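>
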Amino acid sequence: EMLNLNYAISLLMEYASFVKLRVSKPDVHRPFKIPLGTAGCVALLSLPVIATIVVIFLASRRTLVFAVFVNTTGFLFYGLKIMSKDARCFHCFCGYSKLRTAEEDIPEVAVEIR
Numbered sequence: 461e462m463l464n465l466n467y468a469i470s471l472l473m474e475y476a477s478f479v480k481l482r483v484s485k486p487d488v489h490r491p492f493k494i495p496l497g498t499a500g501c502v503a504l505l506s507l508p509v510i511a512t513i514v515v516i517f518l519a520s521r522r523t524l525v526f527a528v529f530v531n532t533t534g535f536l537f538y539g540l541k542i543m544s545k546d547a548r549c550f551h552c553f554c555g556y557s558k559l560r561t562a563e564e565d566i567p568e569v570a571v572e573i574r
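Under the working numbering, read the sequence shown as residues 461 to 574, first letter to last.
Structure below.
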């Protein structure tokens with residue numbers, strides 16, 4: 461149950477980022493296209509969002525407390541990593557030996573379609 465709740469929370473963040481990027485950066489190249497406008501994508505996501513919220517509300521109190529603790533801790537560590545001038549202090553958590561940019565974290569992948 462705890463795993464499902466944390467996965468549900470991550471899905472809501474993915475749905476929100478999907479819509480936000482469609483609105484804020486509509487012309488950015490993406491590896492796939494969804495042939496709907498922003499309103500169509502929001503309509504398409506409405507049923508999964510409702511189902512995900514239902515899963516969250518059905519969780520037990522113990523599971524909710526655990527999820528709030530785990531996700532808050534994750535956000536705090538992420539914020540500390542971003543605010544840190546010297547990323548080496550987070551080497552044990554992140555595996556970073558130097559501060560990298562977002563472009564360095566994403567590997568270039570070439571796919572040939574025949």
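Just so you know, even glycine gets a beta-carbon here, dropped at the ideal spot from N, CA and C. The structure displayed is predicted, hence computed values, not measured ones.
Quick check on DSSP: helix, strand or coil for residue 482?
Residue 482 falls in the helix class under three-state DSSP.
> Residue 493 by DSSP, collapsed to three states: which one?
Coil at residue 493, not helix or strand.
> Given 8 angstroms as the limit, is there contact between the stretch 520-529 and the stretch 463-472, that is, 3 or more CB pairs closer than that?
Segments in contact, yes.
> Spell out a yes or no on whether the stretch 497-507 and the stretch 535-544 are touching, meaning 3 or more CB-CB pairs, one atom from each, closer than 8 angstroms.
Taking 8 angstroms as the limit for Cβ pairs, the verdict is that the stretch 535-544 does not touch the stretch 497-507.
> Taking Cβ positions, are residue 509 and residue 540 nearer each other than 8 angstroms?
Their beta carbons are not under 8 angstroms apart, which means residue 509 does not touch residue 540 by this criterion.
> Considering only their Cβ atoms, is the gap separating residue 502 from residue 479 smaller than 8 angstroms?
In this structure, residue 502 lies closer than 8 angstroms to residue 479 by Cβ.
> From what residue to what residue does the alpha helix (DSSP H) around residue 506 run?
498-517 is the span of the alpha helix (DSSP H), which, as asked, contains residue 506.
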